[in-house]
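Start counting the sequence shown at 1; every next residue gets the next number (our numbering).
For reference, the structure discussed in these notes is given below.
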Amino acid sequence: MAPGDFNGKDFGGGHTGMGWFKYNWHGVSGYSNSYPTNADLVEGQKVTFIGKNKALRNCKGVVQNSDKKYGRSQFQVTFEVYIKKKSQHKYVTVYCSKDQLQMPIVLNDKHGERNALFNAKKATRLRKKKQKRADVRAKIASARK
């Protein structure tokens with residue numbers, strides 16, 4: 001397809017064979033994904049599916065011990081899927097590549113460190129401000145005497 005109006009809304013006027021869409025750098029869910037490494041995806045690691053399968057999209061799962069049937073690039077993952085028609089949860093085991101998976105982002109530690117640093121800087125600023133005020137008051141008091 002040529003770029004432009006005839007290309008529809010899906011590709012932003014770019015070619016369909018461009019890298020962003022051809023190599024699935026952006027998941028359907030809108031994630032800008034940095035892929036987990038093979039070393040990160042060990043047995044028991046919790047992941048989220050961000051591939052294009054509608055039934056599994058945004059499902060949370062656990063990486064299982066792979067039997068190496070599909071090579072190193074495929075990981076066996078068990079997802080918990082909710083079936084609306086039957087109103088029940090079902091466990092599905094799927095082989096996924098690492099570009100379809102995203103590890104949970106843990107912000108608590110960094111966020112806590114950032115807050116602690118911010119609070120320490122704020123306390124230092126307030127202490128300096130109080131010291132300055134005390135110095136000014138002392139100068140005024142000595143000038144009055």
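Where is the CB? At the ideal position from N, CA and C, for every residue including glycine.
As the structure is a computational prediction, the values presented were derived from the model and not from experiment.
Y70 places its beta carbon 7 Å or farther from that of Y35. At a Cβ-Cβ threshold of 7 Å, Q76 and Q88 do not count as neighbours.
With distances taken between CA atoms, Q45 lies nearest to F79 out of F79, K130, K54, G51. Ranked by how close their Cα comes to the Cα of D99, the residues G61, Y82, F49 have F49 in first place. Given a length threshold of 3 residues, each whole run of the beta strand (DSSP E) inside the segment 74-115 is given here in chain order: 74-83, 88-97.
Across the structure, L101 and G51 are spaced so that their CA atoms are roughly 7 Å apart.
A distance of 7 Å or more separates the beta carbons of G61 and V81.
7 Å or more divides the Cβ of S66 from the Cβ of S97.
Within the DSSP secondary-structure output, K46 pairs in a beta bridge with V62. Residue state for R57 is assigned as coil, using DSSP reduced to three classes.
Shown here, K52 sits in coil according to DSSP, grouped into three states, outside any helix or strand. Straight-line measurement puts the Cα of E113 at about 30 Å from the Cα of R133.
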